[in-house]
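Read through the structure below, which is laid out as structure tokens, and then see the notes.
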Amino acid sequence: METPVNHYELEDSKGLWPTIVERFNKNVSDNGVPYFKQQPSMEMDFVRFCNDNGLRFRRKTILEYSGRGPTDRPFYYLAVRDTREYEQEFIRLKCDGGGKGMCWSGAEQVRKVTLTAAIAKVIDQSDIVVKNYPISPRVYLISRRLKDLMEPFRFSGIAITPCLEVGAKYSEDEAAFASRSGRLEKEAKYFQLNLISRTPGKPSIGNLVAASGCPRCHALSIIDGDKESEFKPADLGAEDFQRFNEVTTENKGDQHMIGQIALISARALGFFIESRIKGLKPYSTDPPVKYAAVQIRG
Ligand SMILES: [Zn+2]
């Protein structure tokens, strides 16, 4: 069962923010997002307060799954713990960022990921993590334990590549991302989980209301629409793991993002939850949402 979480963004609080926090404090997240989880009378009070004071707002709805009981949507957003490190020697950038910082649009992985002892420890604790860099392609790392647990389920949309360890010796060929090595597959303790399937289509985010990106290739690093992302049924594939990096908007056409967003099937999410995989983390803190369902129109 999913619960709608309505969250609000005020265009201008006109100096009334302290009053809002005082009056609606149980419904304001740590970083200042008003939200309501099936609290219609509180929410009506809030909307009335905004209307009475001429505060314009945008309201969006996330469908939250608590992690208990049956899921009733086919897909969820994948959110996992990050490694808090920025090493990315294993990729080749395609865009130079046009002088405004790094741009990962079109970046390609050329070598296998090399793990330090510190990162290995984080994977031991969490079973799955995501590296902070690169932003694209997103690099998920898993323990051998999780790889073995996943195997009988034959989840689709993924490929698994062994990781290298700092200090060990590898040939150029073994270290190349594309090459396969029976020795590494047998001996590696950690693996990269590659999301190889893209969604067939892109979600709509309504009107584009905020955007900022690369001056060279125009891919966006910040993107916000006035609606929650929504797919049409044909825009999603059948694979258990899928990713996308494009959205469509009502006012500015299709937009390309620098980052990637990962989706996971209900079946795979159920497996992670039942296996008590610690690396899963909440979808969002503002508003607080544990697992978020992918919204599909119709
Ligand atoms: Zn760029």
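Per my numbering, residue 94 is the first one in the sequence shown, and the count goes up by one each step. Note that beta-carbon positions come from the ideal geometry of N, C-alpha and C, so glycine has one too.
Within the continuous alpha helix (DSSP H) that includes ASP333, where are the two ends? Where ASP333 is concerned, there is no enclosing alpha helix (DSSP H), given that its DSSP letter is neither H nor E.
When the Cα atoms are used, what is the spatial distance from PHE399 to THR154? Outside the modelled stretch of the chain, which goes from 94 to 391, sits residue 399, for which no answer is possible.
What is the DSSP secondary structure of SER274, counted as helix, strand or coil? coil
Please confirm whether any heavy atom of ligand 1 lies closer than 6 Å to the CB of ALA312. Yes, Cβ of ALA312 sits closer than 6 Å to a heavy atom of ligand 1.
Is SER229 near ligand 1, judged by its Cβ being under 6 Å from some heavy atom? no
Compute the minimum distance between the beta carbon of CYS256 and the heavy atoms of ligand 1, and state whether it is under 6 Å. no
Nearest by alpha-carbon distance to TYR128: which of GLY391, LYS345, VAL382, ALA386 is it? VAL382
Is SER198 near ligand 1, with its Cβ less than 6 Å from a heavy atom? yes
For the candidate residues GLY160, LEU257, MET195, GLY318, whose alpha-carbon lies nearest to that of ALA304? GLY318
Return yes when the Cβ of ILE289 is within less than 7 Å of the Cβ of ALA331, no when it is not. no
Starting from SER236, trace the beta strand (DSSP E) in both directions and tell me its first and last residue. Taken as a continuous stretch (DSSP letters only), the beta strand (DSSP E) holding SER236 covers 233–236.
Flag LEU288 as yes if its beta-carbon sits less than 7 Å from any beta-carbon of chain C, otherwise no. Checking the listed chains, one finds no chain C in this structure; it contains a single protein chain.
Distance check for SER274 and LYS320, CA to CA, integer angstroms please. 46 Å
Quick check on DSSP: helix, strand or coil for GLN181? coil
In chain order, what are the residue ranges of uninterrupted beta strand (DSSP E) at least 3 long that sit wholly in the stretch 152–203? Those beta strand (DSSP E) runs which fall completely within the stretch 152–203 and span 3+ residues are 168–170.
Contacting residues, own chain, Cβ-Cβ under 7 Å from SER403 (five flanking each side not counted): The requested residue 403 does not occur in the structure, where the chain is confined to residues 94 to 391.
Should ARG238 be counted as a contact of ligand 1 given a C-beta to heavy atom distance under 6 Å? Shortest gap from the CB of ARG238 to any heavy atom of ligand 1: 6 Å or more.
LYS187 beta carbon less than 7 Å from that of ALA200: Cβ atoms of ALA200 and LYS187: closer than 7 Å.
Cβ of PHE183 within 7 Å of Cβ of ARG161? Cβ distance not < 7 Å, so PHE183 and ARG161 don't count as in contact.
Span separating the alpha-carbon of SER229 from that of ASP105: About 33 Å.
Over the uninterrupted alpha helix (DSSP H) stretch that includes ASP217, give me the two end residues. 210–219
DSSP state of ASN118, grouped into three classes? helix
For SER134, which three-state DSSP category applies? helix
Tell me which residue opens and which closes the alpha helix (DSSP H) that LEU362 is part of. 359–367
Compute the Euclidean distance between the alpha carbons of ALA261 and ARG247, then round it to the nearest angstrom. 31 Å
In whole angstroms, what is the alpha-carbon distance linking ARG152 and GLY346? 22 Å
Indicate whether ARG309 and GLY191 have their beta-carbon atoms separated by less than 7 Å. yes
Would you list the residues sitting across from HIS349 in a DSSP beta bridge? GLU339
For a test of the three-state rule: what should DSSP assign to ARG141, helix, strand or coil? helix
Can you tell which of ASN99, SER297, GLY372 has the C-alpha that lies nearest to the C-alpha of MET135? ASN99
Shortest alpha-carbon distance to ARG336 belongs to which of PRO296, ASP123, TYR101? PRO296
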